[in-house]
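Undergrad:
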Amino acid sequence: MLLLEQLDGKKMPILADFDCCHTHPMHPLAIGKKIRLDATAKKVFCIEAWL
């Protein structure tokens, strides 16, 4: 709820309940790399080389 208040009515997709990093299955996301979030399909895609 606090996040929604801070957005002040701006429309922005929010990803919730996404298991990553220290949970199973592990799906690490590289900090600073570009990803594509498909909120409708509930999928995250890496669009930039990680190494």
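Residues 12 to 62 (the numbering used here) make up the sequence shown, in order. In this text, a Cβ means the ideal position worked out from N, Cα and C, and glycines have one as well.
May I ask which residues mark the beginning and end of the alpha helix (DSSP H) holding L13?
TA: Looking up residue 13 in the sequence shown gives position 2. From DSSP, the alpha helix (DSSP H) with L13 extends over L13 to L18.
Undergrad: Going by beta-carbon coordinates alone, are D30 and P36 separated by less than 8 angstroms?
TA: If you number the sequence shown from 1, residue 30 lands on position 19. If you number the sequence shown from 1, residue 36 lands on position 25. Yes; because the gap between Cβ atoms is below 8 angstroms, this pair is in contact.
Undergrad: Could you tell me the distance, in whole angstroms, from the CA atom of E59 to the CA atom of R47?
TA: Your numbering for residue 59 matches position 48 in the sequence shown. Your numbering for residue 47 matches position 36 in the sequence shown. Near 10 angstroms, if we compare the C-alpha coordinates of R47 and E59.
Undergrad: Note down the Cα distance separating I42 from C57, rounded to an integer number of angstroms.
TA: Residue numbering aside, residue 42 sits at position 31 when the sequence shown is read from its first letter. Residue numbering aside, residue 57 sits at position 46 when the sequence shown is read from its first letter. Roughly 11 angstroms separates the two Cα atoms.
Undergrad: Where H38 and D19 are concerned, what is the direct C-alpha to C-alpha distance, given to the nearest angstrom?
TA: Locating residue 38 in the sequence shown gives position 27, where the first residue counts as 1. Locating residue 19 in the sequence shown gives position 8, where the first residue counts as 1. Each residue's Cα considered, the two are about 31 angstroms apart.
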